[in-house]
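In the UniProt record's numbering, the protein residues as written are 1 to 580. A virtual CB, placed ideally from N, CA and C, is assigned to each residue, including glycine. What follows is a single structure, written as structure tokens, with notes after it.
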Amino acid sequence: MAVSLDDDVPLILTLDEGSSAPLAPSNSLGQEEPPSKNGGSYAIHDSQTPSLSSAGDSSPSTPTSPNWEMNYQEAAIYLQEGENNDKFFTHPKDAKALAAYLFAHNHLFYLMELATALLLLLLSLCEAPAVPALRLGIYVHATLELFALMVVVFELCMKLRWLGLHTFIRHKRTMVKTSVLVVQFVEAIVVLVRQTSHVRVTRALRCIFLVDCRYCGGVRRNLRQIFQSLPPFMDILLLLLFFMVIFAILGEFSAPPGPSWSPKYFSSLENSIVSLFVLLTTANFPDVMMPSYSRNPWSCVFFIVYLSIELYFIMNLLLAVVFDTFNDIEKRKFKSLLLHKRTAIQHAYRLLLSQRRPAGISYRQFEGLMRFYKPRMSARERLLTFKALNQNNTPLLSLKDFYDIYEVAALKWKAKRNREHWFDELPRTAFLIFKGKGGEPHYLVFLTIYGVELFLKVAGLGPVEYLSSGWNLFDFSVTVFAFLGLLALALNMEPFYFIVVLRPLQLLRLFKLKKRYRNVLDTMFELLPRMARYCPPPSRQAQATRGCARRGGEPSGSRGKESQEGLESGPGGPSGGLRF
Numbered sequence: 001m002a003v004s005l006d007d008d009v010p011l012i013l014t015l016d017e018g019s020s021a022p023l024a025p026s027n028s029l030g031q032e033e034p035p036s037k038n039g040g041s042y043a044i045h046d047s048q049t050p051s052l053s054s055a056g057d058s059s060p061s062t063p064t065s066p067n068w069e070m071n072y073q074e075a076a077i078y079l080q081e082g083e084n085n086d087k088f089f090t091h092p093k094d095a096k097a098l099a100a101y102l103f104a105h106n107h108l109f110y111l112m113e114l115a116t117a118l119l120l121l122l123l124s125l126c127e128a129p130a131v132p133a134l135r136l137g138i139y140v141h142a143t144l145e146l147f148a149l150m151v152v153v154f155e156l157c158m159k160l161r162w163l164g165l166h167t168f169i170r171h172k173r174t175m176v177k178t179s180v181l182v183v184q185f186v187e188a189i190v191v192l193v194r195q196t197s198h199v200r201v202t203r204a205l206r207c208i209f210l211v212d213c214r215y216c217g218g219v220r221r222n223l224r225q226i227f228q229s230l231p232p233f234m235d236i237l238l239l240l241l242f243f244m245v246i247f248a249i250l251g252e253f254s255a256p257p258g259p260s261w262s263p264k265y266f267s268s269l270e271n272s273i274v275s276l277f278v279l280l281t282t283a284n285f286p287d288v289m290m291p292s293y294s295r296n297p298w299s300c301v302f303f304i305v306y307l308s309i310e311l312y313f314i315m316n317l318l319l320a321v322v323f324d325t326f327n328d329i330e331k332r333k334f335k336s337l338l339l340h341k342r343t344a345i346q347h348a349y350r351l352l353l354s355q356r357r358p359a360g361i362s363y364r365q366f367e368g369l370m371r372f373y374k375p376r377m378s379a380r381e382r383l384l385t386f387k388a389l390n391q392n393n394t395p396l397l398s399l400k401d402f403y404d405i406y407e408v409a410a411l412k413w414k415a416k417r418n419r420e421h422w423f424d425e426l427p428r429t430a431f432l433i434f435k436g437k438g439g440e441p442h443y444l445v446f447l448t449i450y451g452v453e454l455f456l457k458v459a460g461l462g463p464v465e466y467l468s469s470g471w472n473l474f475d476f477s478v479t480v481f482a483f484l485g486l487l488a489l490a491l492n493m494e495p496f497y498f499i500v501v502l503r504p505l506q507l508l509r510l511f512k513l514k515k516r517y518r519n520v521l522d523t524m525f526e527l528l529p530r531m532a533r534y535c536p537p538p539s540r541q542a543q544a545t546r547g548c549a550r551r552g553g554e555p556s557g558s559r560g561k562e563s564q565e566g567l568e569s570g571p572g573g574p575s576g577g578l579r580f
């Protein structure tokens with residue numbers, strides 16, 4: 001008896017009673033069967049699971065049937081693999097691999113990796129040779145190291161269970177980590193058995209455990225790109241060394257006899273290479289050139305040609321090659337990441353198609369996917385995400401719209417308030433005014449404190465008594481100028497931009513806080529008027545300078561002596577000169 005097709009029957013993961021392999025979709029639906037690793041790779045042995053080959057009395061499967069649940073979970077795994085740049089050959093292939101994959105892809109596992117790597121790095125502070133304050137006993141740090149290495153072994157075992165032996169061996173970074181782990185494990189056992197610490201150069205390799213953790217993905221990516229850009233860099237570096245050797249040979253055999261060519265720099269081929277290498281950095285220039293230049297000025301041509309080729313051409317060419325290679329690798333990596341995400345989206349999209357509606361994804365399938373892909377997303381956010389992806393406003397989500405799943409799923413939704421009246425926005429007016437350049441939070445806080453202080457003083461003392469004090473008047477002017485400067489910045493009032501310069505006057509409030517500072521300022525104000533009459537004005541000083549210049553050649557006569565006596569006596573007599 002034929003079974004009626006329903007929208008809730010999955011298109012790919014429809015299984016037979018006695019088979020664990022997925023059935024290919026019928027030709028009438030016009031769908032191609034995806035590769036075995038792109039869907040339906042889990043073996044579901046459940047006699048109660050309905051399928052197309054079941055008896056006619058079986059009812060269609062519900063949205064929460066095991067078939068759909070496995071499709072949702074596998075589609076979410078594909079999306080995670082596309083986001084994390086995990087290769088599709090690492091896709092879990094059975095229930096054991098799925099359990100290991102889920103365990104190895106949660107935040108607790110990531111934190112365990114990070115804590116273990118940091119513990120191994122911090123043990124270097126406590127191992128010999130260490131400062132006495134941080135030194136630990138051999139048993140203590142060796143036991144801690146073995147414990148951390150056992151945690152790393154557990155992590156690798158989970159990855160081995162997830163990937164399988166064949167894929168595990170093919171993963172280069174995992175094999176490097178395993179090799180370092182074996183060496184570290186052997187050394188820790190040796191230290192524990194011998195009860196003494198030896199020279200351990202391999203401790204420098206502990207940073208590999210930190211680089212391999214989840215939170216250092218950007219570091220791994222940059223390191224990989226640096227290593228990939230080394231071949232062009234090495235070609236230009238060999239060209240630079242080639243010219244350096246040529247000029248070193250010329251410098252050695254072109255040296256005339258005698259000490260004038262500076263045997264210290266070009267006595268042998270080794271000294272010539274070292275001297276020219278240092279000259280490449282201009283650290284010994286012109287010292288390396290002066291001995292030969294003192295005998296023959298034309299010898300400077302040798303150094304000019306060398307610096308022109310090596311320093312100004314090949315070095316700049318080296319930088320250009322490195323920059324261009326790194327940019328090309330970055331572009332190729334971005335392209336491969338984009339294509340990898342597109343492929344992952346295609347795999348997930350095929351798993352979410354139903355037999356009744358193979359043209360797109362309905363909201364029920366999308367909601368089931370998001371329950372596994374974004375478990376913390378609320379039902380309202382799932383609906384909004386579906387609406388944001390569905391640009392055509394159709395019941396089904398097409399593949400073209402589904403390509404934006406990564407960008408739209410990362411959005412944060414916030415309820416928008418319905419402002420019906422014009423005065424609803426009035427409480428935010430001040431915030432909108434100060435939102436510009438002059439709206440720094442710390443400056444607004446201090447200006448608010450100054451304003452409250454000014455209001456309390458005026459309210460307590462009264463305007464007349466408040467303004468009768470010089471310090472209060474200074475405080476009032478500084479606060480007003482600061483407020484005006486804030487408005488000038490917020491409203492882009494360019495003609496009044498000079499007011500912003502007055503904002504640092506608030507620092508002068510320091511003299512008001514401490515009595516000793518006020519005494520210093522009062523003393524300075526008291527001395528300035530008395531010292532002013534002894535300081536000649538600029539015009540008199542300029543006239544005196546011109547007079548001295550005119551009479552600079554005349555000998556000092558009686559007039560000079562009288563002037564000297566008048567300067568010593570001053571206006572108040574012999575005792576009233578420049579005395580303080």
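First and last residue of the alpha helix (DSSP H) that includes S268? First-last for S268: undefined, no H or E at that position.
Mind checking E526: buried by the 16 CB within 10 Å criterion, or exposed? Within a 10 Å sphere around the beta-carbon of E526 sit fewer than 16 other beta-carbons, which makes this residue exposed.
Since R342 is in the alpha helix (DSSP H), which residue starts that stretch and which ends it? Element bounds for R342: 315 to 351.
Going by beta carbon distance, what residues of the same chain come within less than 7 Å of F303, once the five residues before and after it are set aside? If we look at F303 and ignore the five residues flanking it on each side, its Cβ neighbours are M289.
Under the rule that 16 or more other beta-carbon atoms within 10 Å means buried, what is N71, buried or exposed? Its Cβ being crowded by 16 or more others within 10 Å, N71 is buried.
Count the C-beta pairs between the segment 144 to 152 and the segment 90 to 102 that are closer than 8 Å, then say yes if the count reaches three, no if not. Judged by Cβ distances under 8 Å, the segment 144 to 152 makes no contact with the segment 90 to 102, as fewer than three pairs qualify.
Name the residue from T116, F147, T167, L125 whose alpha carbon lies nearest to the alpha carbon of C213. Out of T116, F147, T167, L125, T116 has the C-alpha closest to the C-alpha of C213.
Contacts around P34, its chain only, beta-carbon distance under 6 Å, and the 5 residues preceding and following it disregarded: Note that P34 scores 38 on pLDDT, short of 50, meaning its location in the model is unreliable; the coordinates nonetheless yield the value given after this. Non-local C-beta neighbours of P34 in its own chain, meaning closer than 6 Å and more than five positions away in sequence, comprise R350, ordered along the chain.
Would you mind stating whether S127 and H141 have Cβ atoms separated by less than 8 Å? A small correction: the amino acid at residue 127 is Glu; Ser does not occupy that position in the sequence shown. It is a contact, given that the beta carbons lie within the stated cut-off.
Does the distance from the C-beta atom of L369 to that of A76 stay below 8 Å? Cβ atoms of L369 and A76: closer than 8 Å.
Are the segment 295 to 311 and the segment 213 to 222 in contact at 8 Å, needing three or more beta carbon pairs? As far as the Cβ criterion goes, the segment 295 to 311 does not touch the segment 213 to 222, which means the pair count is below three.
On the CB-based measure, 16 or more other CB atoms within 10 Å of its CB, does T394 come out buried or exposed? For T394, the number of other beta carbons within 10 angstroms of its own is below 16, and it is reported as exposed.
For R357 and L396, which I take to be in contact (beta-carbon distance under 8 Å), what is that distance rounded to the nearest angstrom? Under the criterion of beta carbons closer than 8 Å, R357 and L396 qualify as touching, at roughly 6 Å.
Buried or exposed, going by whether 16 or more other CB atoms sit within 10 Å of the CB of G460? So G460 ends up on the exposed side.
Report all residues from its chain with a CB closer than 8 Å to the CB of C216; omit the five preceding and five following residues, and keep chain order. Only L210 meet the Cβ criterion.
Buried or exposed for H347, please, with buried defined as at least 16 other CB atoms from any protein chain shown within 10 angstroms of its CB. Buried: at least 16 other Cβ atoms inside 10 Å.
Length of the line joining the Cα atoms of I189 and L205: Cα to Cα, I189 sits roughly 17 Å from L205.
Burial state of S378 (16 or more Cβ within 10 Å): Burial call: exposed.
DSSP-derived helix/strand/coil call for S124: Helix at S124.
Less than 8 Å between the beta carbons of W413 and L389, yes or no? Here W413 is not near L389, since their CB atoms are 8 Å or more apart.
Close-in-space but distant-in-sequence residues of the same chain around S197 (CB under 8 Å, 5 per side omitted): Taken in chain order, the residues that qualify are E127, A128, I138, V191.
Alpha helix (DSSP H) runs contained entirely in the segment 443 to 471, provided each spans 4 or more residues: Under the rule that a run must span 4 or more residues, the alpha helix (DSSP H) segments found entirely inside the segment 443 to 471 read 463 to 467.
Helix, strand or coil for L279 per DSSP? In the structure shown, L279 sits in a helix (DSSP, three-state: H, G or I).
Using only the alpha-carbon positions, how far apart do F285 and L279 sit? Per the coordinates, the alpha-carbon of F285 lies some 6 Å from the alpha-carbon of L279.
How about F168 and K177: do their beta carbons lie closer than 8 Å? The criterion of a C-beta distance shorter than 8 Å is not satisfied by F168 and K177.
Close Cβ partners of H340 (< 7 Å) along its chain, the five nearest in sequence each way excluded: Within the same chain, H340 has close Cβ partners G82, N85.
Taking the Cβ atom as the reference point for each residue, do A248 and I226 lie within a distance shorter than 8 Å? No, the pair does not count as a contact, with Cβ atoms beyond the cut-off.
Which whole-angstrom value describes the C-beta separation of T479 and L454, a residue pair presumed to lie in contact below a C-beta threshold of 8 Å? About 5 Å separates the Cβ atoms of T479 and L454, confirming a contact at the 8 Å cut-off.
Restricting to Cα atoms, I'd like to know which of I208, F323, H91, S124 is closest to L114. Among I208, F323, H91, S124, the Cα nearest to that of L114 belongs to I208.
Classify S197 as helix, strand or coil using the three-state DSSP reduction. The three-state reading of DSSP puts S197 in coil, since its state is none of H, G, I, E or B.
Same chain only: Cβ atoms within 7 Å of R342, ignoring 5 sequence neighbours per side: Contacts found: Y403.
Applying the criterion that 16 or more other CB atoms from any shown protein chain within 10 Å of the CB defines a buried residue, is M244 buried or exposed? Classification of M244: buried, given that the 10 Å Cβ count is 16 or more.
Rounded to the nearest angstrom, what separates P297 and G251 at their Cα positions? In this structure, the CA atom of P297 is about 15 Å from the CA atom of G251.
In three-state terms, what does DSSP make of S477? If DSSP states are grouped into helix, strand and coil, S477 belongs with the helices.
From the DSSP output, in three-state form, read off S292 for me. Three-state DSSP puts S292 in a helix.
I361 - partner residues in DSSP beta bridges: Answer by DSSP bridge pairing, in chain order: L397.
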